[in-house]
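The sequence shown begins at 6 in the working numbering and counts up one residue at a time.
For glycine and all other residues, C-beta sits at the position ideal for the given N, C-alpha and C.
Reading through the structure tokens given below for one structure.
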Amino acid sequence: MADFLLRDIDERVAERIKEMARQKGWPLNDVILHLIKQALGIIEPEPAPEPGDIARLTGSWNDDESRAFAEAMAALNSLPDDAPAYMKPEKDKPGG
Numbered sequence: 006m007a008d009f010l011l012r013d014i015d016e017r018v019a020e021r022i023k024e025m026a027r028q029k030g031w032p033l034n035d036v037i038l039h040l041i042k043q044a045l046g047i048i049e050p051e052p053a054p055e056p057g058d059i060a061r062l063t064g065s066w067n068d069d070e071s072r073a074f075a076e077a078m079a080a081l082n083s084l085p086d087d088a089p090a091y092m093k094p095e096k097d098k099p100g101g
């Protein structure tokens, strides 16, 4: 297989390639190869999502978003239990 070196890649193009790699969970090299094959007509482009298709609503969180969500959940889980006394187990009730 041949190797190519690309230079002077526009910043917008580079960012879009990185974004695609994050979304697909692919290495940058695989994304670039996929895009080249697609542009050359060697493989079919991915079909556009159908309107109303819930798959288009899915996405992925980057590391910062995942970390922020985990921290928020940990903070919520550390809050005191403020359920009314009648909803608490007998052992947790005052005098119980």
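Taking just the CA atoms, how far does K42 sit from D35?
Distance between the alpha carbons of D35 and K42 is about 11 Å.
Taking the alpha helix (DSSP H) that N82 belongs to, which residues open and close that run?
Counting along the chain, the alpha helix (DSSP H) containing N82 begins and ends at 68-82.
Measure the C-alpha to C-alpha separation of L84 and M78 and round it to an integer number of angstroms.
Each residue's alpha carbon lies about 10 Å from the other.
How would you write the range of the alpha helix (DSSP H) that A26 sits in, first residue to last?
Where A26 is concerned, the enclosing alpha helix (DSSP H) stretches over 16-29.
Assuming A44 is part of the alpha helix (DSSP H), what are its boundary residues?
Unbroken alpha helix (DSSP H) run through A44: 33-44.
Quick check: R27 and N82, are their CB atoms within less than 8 Å of each other?
Taking 8 Å as the Cβ cut-off, R27 and N82 do not qualify as a contacting pair.
Going by C-alpha to C-alpha distance, which of P94, I37, F74, A19 sits closest to F9?
The residue with the shortest Cα to Cα distance from F9 is I37.
Measure the alpha-carbon distance for L33 versus I14 and round it to whole angstroms.
Looking at the two C-alpha atoms, the distance is approximately 14 Å.
Excluding the 5 residues flanking K23 on each side, which residues of the same chain have their C-beta closer than 8 Å to its C-beta?
Cβ neighbours of K23 beyond the five flanking positions: L33.
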